[in-house]
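S.K.: Respectively, the protein sequence lines represent chains A and B.
Sequential numbering of the first sequence, starting at 1, is according to our numbering.
Sequential numbering of the second sequence, starting at 308, is according to our numbering.
My questions will all concern the structure given below.
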Amino acid sequence: MSQFAVQFQNVTRWYGQVVALRDVTLNFQGGVVGLLGQNGAGKTTFLRILTGSMRPSKGVALVFGAHAFGNPDLYRRIGYCPDHDNFFEFMTGREFVETLLGIHGFAGPERARRASAALDRVKAAEFADRKIYGYSKGMRQRLKLAQALSHDPELLILDEPLNGADPIIRRDVIDLVKALGREGRSVIISSHVLHEVEAMTPHLLLLHKGRVMAAGEVREIRGMIDRHPHSVRLRTPRGRDLAAVLARDPRVTELHIGEGVVTVRTPQPDAFYAALPQVLLDAGLPVHEIESPDDNLDAVFRYLTEG
Amino acid sequence: MSALFDQSYQPWTGTFQPHPFRVLAIATATAKNIFRRHTLALSLLGGLTMLMTLPGAFVGLMISGIDPGYIAASALSTSLTWTCLLVLPVAGSGLVASDLKHNALLMYFSKSIVRADYIVGKLAAAAVLVLLPAVLSPLVSIGVSTYALGDKATAAYGAQLSGAVLLSVPIAVIPAIALVMAFSSCTRKTFLAGIGFAVVYLMLEAIALILTDAAKLKWGYLLSLNRNVLKISASLMPEMPAGGARMPKMPGLDLHEMMPFSPWISLAILAGVSVLSLSVVVWRTADAERRA
């Protein structure tokens, strides 16, 4: 049996003339690792190969020592939380999780028990008996996590789990990922935002234009990142009020107000992210979404490619 | 000192259900979802399909002595037409299209199933919704017409006819669902899949009629789903007792005369349509999964 959770040997994947992943070789033993890269870096292709929904054009992709593509028995050991919403809208959340457990081959009381446990774990139990079409974005995010966790997989693959999430979900997801890592599971989280990943794990894998640009501890690339100011985009119905509050924050160096959106730039992202929930609570302002366009990542990749 | 990792995770070591159970899970979820989304439409159209067919049964009641086999064939044909035109476009158009629309294929195929499980599950879901309106009217018609004749031998004959109808309807329904699934896998817009299927179905029936009636080409009937099913059904049906003709022997409607081909040819055509349609579904879902 392989000692590695994931082994990629010279994995290349192309779509026609476009190469999405180039000659990627890596071994991942376990724990929590962040897969970081900009849009189009090859993260999704990497994850699709891992989940077995895509065959490498060249090379070998092994998960727990077995070929990932076309290996349904292996997929019981993998939990996948996709980036998109993929639901049966006319089911309740509980029915949805139970259905997917049924597709995995769980039956009877075990299926119901697992669905309840997963829904409890992601704090979705209170709305689990409502129809999915009435769910908010946050509820849907929790449900996606519940279905990925419900069959108790050894390897969890989370594709942009914090994308567009509100502050409460962000905190819950971060806590959940840390807890899963502590339990001894392997977790791969993709993101294009360093600070999101950093909150969950110090281990990073940087993808850039289909290549593994760097792999290692987050502190090693922090120095590069911190030379560049960070953008944070907050979606709120009270943009002017939020801008007025954030303008008083000494960590904010630039501020733009758009249609329901406030974008700030800060050279101290850690301190800004740490203080933000309290600032919002004190001001009593609703924020529906926090995003980091993270143009600073571009600078890191530029730095790495230029050596 | 506290442990950094509690290592409490233990993988599941119990037994998993076999593939048919997983197919059933897909079928149940899909059928529930379609029925909940289209409860009113399916109930109305299913009811309408049955209503359209039942007048044939009353003909049986009124014209005592008519071969119930003829009534059964007529009811089967009418029921298939309305099922394909009304019920199937609603029940089947979203089978794959809604998964494409909601990017749900990845959700399915990241679970421990193969593509065949997915396709069979979807097909079974539509079959559950379509079989009742398709089969009920011919059965009622047979019941009424054999009751009208009112003797023991005819009752046994009616039971045999019912068996033949019960066998024939799935033979008709599976290719029709496979075809609507093929349409459904080619678009994210369910209404387009439904309309596309209904138009193609009607066109084939019309072309078959034109070729046979106007151009006097007997092979034209091989293009018609209904006629192929009736041909198979006729070969499954017994002869009417007490000198009754083999079904359906009525002036102007003798299938064996109209379609002088082996029922195996009809079966091969329907099987071919099913295989070809499901191949389209396999190709389209694989392609959509790759592009998702």
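Note that beta-carbon positions come from the ideal geometry of N, C-alpha and C, so glycine has one too.
(1) Using a C-beta to C-beta distance shorter than 7 Å, which residues of chain B count as neighbours of His-67(A)?
(2) Please report the straight-line C-alpha distance between Asn-533(B) and Gly-353(B), rounded to a whole angstrom.
(3) Please name the residues in the segment 76-93 of chain A whose beta-carbon is closer than 8 Å to at least one beta-carbon of chain B, in chain order.
(4) Rounded to a whole number of angstroms, what is the C-alpha to C-alpha distance between Glu-98(A) and Pro-82(A)?
(5) Taking only three categories from DSSP, how would you classify Glu-512(B)?
(6) By DSSP, does Glu-198(A) sit in helix, in strand, or in coil?
(7) Would you mind reading off the limits of the alpha helix (DSSP H) that contains Asp-424(B)?
(8) Going by C-alpha distance, which of Leu-438(B), Ala-332(B) and Ser-444(B) is nearest Ser-381(B)?
(9) Between which two residues does the beta strand (DSSP E) carrying Gln-7(A) extend?
(10) Identify the residues that DSSP records as bridge partners of Thr-263(A): which are they?
(11) Taking the CB atoms as reference points, tell me whether Pro-567(B) and Ala-500(B) lie closer together than 9 Å.
(12) Between Arg-171(A) and chain B, is any beta-carbon pair separated by less than 9 Å?
(13) Using only CA atoms, which one of Met-91(A), Glu-110(A) and Ala-5(A) lies nearest to Thr-322(B)?
(14) Give a yes or no on whether 9 Å exceeds the smallest Cβ distance from Met-308(B) to chain A.
(15) Apart from the five residues on each side of it in sequence, which residues of its chain come closer than 8 Å, Cβ to Cβ, to Gly-93(A)?
(16) Around the C-beta of Val-587(B), are 16 or more other C-beta atoms found within 10 angstroms, so that it is buried, or is it exposed?
(17) Could you check which residue in Pro-250(A), Asp-270(A), Val-245(A) and Val-264(A) has the C-alpha nearest to that of Leu-281(A)?
(18) Give a yes or no on whether the minimum CB-CB distance between Gly-321(B) and chain A is below 9 Å.
(19) Just grab the DSSP bridge partners of His-67(A) for me.
(20) Does DSSP put Asp-120(A) in a helix, in a strand, or in coil?
(21) Run down chain B in chain order and give the residues with a C-beta less than 8 Å from the C-beta of Ala-107(A).
(22) Are the beta-carbon atoms belonging to Val-487(B) and Ala-432(B) less than 9 Å from one another?
(23) Just grab the DSSP bridge partners of Phe-28(A) for me.
(24) Which chain B residues sit within Cβ distance under 7 Å of Arg-185(A)?
(25) Return helix, strand or coil for Ala-336(B), following the three-state DSSP convention.
(26) Pairing CB atoms from the segment 417-430 of chain B with CB atoms from the segment 456-474 of chain B, are three or more of them under 8 Å?
M.R.: Taking the geometry as given:
(1) Counting from 1 along the first sequence, the entry for residue 67(A) is found at position 67. Neighbours of His-67(A) on chain B: none; closest Cβ ~15 Å, over 7 Å.
(2) Position 226 of the second sequence, counted from the first residue, corresponds to residue 533(B). Position 46 of the second sequence, counted from the first residue, corresponds to residue 353(B). About 18 Å.
(3) Arg-76, Arg-77, Ile-78, Tyr-80, Pro-82, His-84, Asp-85, Asn-86, Phe-87, Phe-88, Glu-89, Phe-90 and Met-91
(4) Taking the first sequence and counting its residues from 1, the one referred to as residue 98(A) is at position 98. Taking the first sequence and counting its residues from 1, the one referred to as residue 82(A) is at position 82. Straight-line Cα distance between these residues: approximately 18 Å.
(5) Sequence index remark: in the second sequence, residue 512(B) carries index 205 (1-based). Of the three classes helix, strand and coil, the one that applies to Glu-512(B) here is helix, per DSSP.
(6) Along the first sequence, one-based indexing puts residue 198(A) at 198. Of the three classes helix, strand and coil, the one that applies to Glu-198(A) here is helix, per DSSP.
(7) Here residue 424(B) is taken as the residue at index 117 of the second sequence, counted from 1. Asp-424(B) -> alpha helix (DSSP H) spans 422-456.
(8) Within the second sequence, the letter at position 74 stands for residue 381(B). Taking only the C-alpha atoms, the option nearest Ser-381(B) is Ser-444(B).
(9) Here residue 7(A) refers to the residue found at position 7 of the first sequence. Start and end: 6-15.
(10) Counting from one through the first sequence, the residue named residue 263(A) turns up at place 263. The partner list for Thr-263(A) (beta bridge, DSSP) reads Arg-233(A) and His-256(A).
(11) On the second sequence, residue 567(B) is found 260 positions in, with the first residue counted as 1. On the second sequence, residue 500(B) is found 193 positions in, with the first residue counted as 1. No, Cβ-Cβ distance for Pro-567(B) and Ala-500(B) is not below 9 Å.
(12) Translated into the one-based positions of the first sequence, residue 171(A) becomes position 171. False, the Cβ-Cβ gap to chain B never drops below 9 Å.
(13) Counting from one through the second sequence, the residue named residue 322(B) turns up at place 15. Closest by alpha carbon: Glu-110(A).
(14) On the second sequence, residue 308(B) is found 1 positions in, with the first residue counted as 1. Residue placement at Met-308(B) is poorly supported in this model, since its pLDDT is 42, which falls under 50; the coordinates still yield a value, given next. Judged by the 9 Å Cβ criterion, Met-308(B) is not in contact with chain A.
(15) Residue numbering aside, residue 93(A) sits at position 93 when the first sequence is read from its first letter. Cβ within range, chain order: Leu-119, Ala-124, Phe-127, Ala-128, Asp-129, Arg-130, Ile-132, Tyr-135, Met-139, Leu-143 and Ala-146.
(16) Taking the second sequence and counting its residues from 1, one reaches residue 587(B) at position 280. By the neighbour-count rule (16 or more Cβ atoms within 10 Å), Val-587(B) is buried.
(17) As a position in the first sequence, residue 281(A) is number 281, starting the count at 1. Taking only the C-alpha atoms, the option nearest Leu-281(A) is Val-245(A).
(18) Numbered from 1 along the second sequence, position 14 holds the residue referred to as residue 321(B). So yes, Gly-321(B) belongs to the interface.
(19) Residue mapping note: residue 67(A) aligns to position 67 of the first sequence, counting from 1. Partner(s): Leu-62(A).
(20) The residue given as residue 120(A) occupies position 120 in the first sequence. DSSP places Asp-120(A) in helix when its eight states are reduced to three.
(21) On the first sequence, residue 107(A) is found 107 positions in, with the first residue counted as 1. What Ala-107(A) touches in chain B: Gln-324 and Phe-328.
(22) In the second sequence, counting from the first residue as 1, residue 487(B) sits at position 180. In the second sequence, counting from the first residue as 1, residue 432(B) sits at position 125. In this structure, Ala-432(B) does not lie closer than 9 Å to Val-487(B) by Cβ.
(23) By 1-based counting over the first sequence, the position of residue 28(A) is 28. BP columns for Phe-28(A) point to Val-6(A).
(24) On the first sequence, position 185 is the one that residue 185(A) refers to. Within 7 Å Cβ-Cβ: Tyr-316.
(25) To locate residue 336(B), count along the second sequence from 1; it is residue 29. Ala-336(B) falls in the helix class under three-state DSSP.
(26) no
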